[in-house]
Amino acid sequence: MAIEDNKNDDEAQIKRVIEGGREAIRAKDLDRVMSMYAPDLVSFDVVPPLQYVGADAYRKQWSRVFSSFPGPIDYETAALSITVGDDIAFAHSFNRLSGIMVTGQKVGSWLRWTACFQKINGTWLITHMQVSAPVNMETGKA
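Residue numbers (the numbering used here): 1244 to 1385.
Have a look at this one:
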């Protein structure tokens, strides 16, 4: 029973990390967003350069994202699933960042998100992440 309780506690902690990240993105709080990531993060994203190595590189990307939206942004998560091991876990969901860009373009596409977490010094941090856009292979469009 104690092992199951620990796994439930770990899952709840990871869920809080994800929920905190969602709130931080909505608030455009760069430091809080970055608190989710391990320093040696590797992230595959849908925007160039497509791969970010290290949290510092990803911080620059989030800074660009926030400056692209002069007004409020929203961030949603759907169908979140979390699987927890002793000190490694992974989560996946559908996520959508939406708002009006500085160009006036309204954006808000659903993307697929997968994150690998590692428990480092008692804290669950994202060490690897991948974001992808679904594509219809016949049309080449999402």
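Virtual Cβ for every residue (Gly too), placed ideally from N, Cα, C.
Whole-Å CB distance - Cys1359 paired with Phe1333, under 8 Å assumed = As a first step, residue 1359 is located in the sequence shown; it is residue number 116 there, counting from the start. As a first step, residue 1333 is located in the sequence shown; it is residue number 90 there, counting from the start. Yes, Cys1359 and Phe1333 are in contact; Cβ-Cβ is about 5 Å, under 8 Å.
request  = Run the proximity test for Ile1343: is its beta-carbon closer than 7 Å to any non-hydrogen atom belonging to the ligand FMN?
outcome  = Of ligands this structure carries none, so the ligand FMN is not represented either.
ask   = What are the start and end residues of the beta strand (DSSP E) that includes Met1372?
value = Here residue 1372 corresponds to residue number 129 of the sequence shown, with the count starting at 1. 1366-1375 is the extent of the beta strand (DSSP E) around Met1372.
query = Given Thr1357, which residues of its chain have a CB within under 6 Å of its CB, disregarding the five upstream and five downstream residues?
reply = Residue numbering aside, residue 1357 sits at position 114 when the sequence shown is read from its first letter. Cβ neighbours of Thr1357 beyond the five flanking positions: His1335, Gln1373.
task = Check each candidate in Gly1351, Val1345, Asn1379, Asp1283 and name the one with the smallest Cα separation from Thr1320.
result = Within the sequence shown, residue 1320 is the residue found at index 77, counting from 1. Closest by alpha carbon: Gly1351.
inquiry  = Since Val1260 and Trp1367 should fall inside the 8 Å C-beta cutoff, what is the C-beta to C-beta distance between them, to a whole number of angstroms?
reply    = Working through the sequence shown from its first residue, we reach residue 1260 at position 17. Working through the sequence shown from its first residue, we reach residue 1367 at position 124. 6 Å between Cβ atoms; contact.
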